[in-house]
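Numbering (the numbering used here), first residue to last: 1 to 81. Note that the Cβ used here is the ideal one computed from N, Cα and C, for glycine as well. Being a predicted model, the structure only gives us computed values, none of them experimental.
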């Protein structure tokens with residue numbers, strides 16, 4: 001799904017500037033963080049996005065900046081199907 005479409009849907013739902021509440025760290029079998037997986041609610045559907053390591057740490061550093069808008073603007077974001 002296109003990032004612009006996701007932004008438009010979040011804006012329509014008035015969630016674009018909200019803080020992300022549902023995400024998890026991706027940790028491998030050696031207990032090394034490989035990134036973070038974010039869940040983006042779009043009405044009755046949920047989109048998943050990943051920010052790979054090590055850039056996920058910078059994104060998660062400031063809790064006030066963990067918003068859908070900032071997530072979708074991140075240069076390393078990967079939208080999963």
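For residue 12, the uninterrupted alpha helix (DSSP H) segment begins and ends at 3-12. Nearest neighbour of residue 36 by Cα position, chosen from 7, 55, 6 and 47, turns out to be 55.
Classified as exposed, residue 80 has fewer than 16 neighbouring CB atoms from the shown chains inside 10 Å of its CB.
With fewer than 16 neighbouring CB atoms inside 10 Å of its own CB, residue 73 falls in the exposed class. At a Cβ-Cβ threshold of 7 Å, residue 33 and residue 39 do not count as neighbours.
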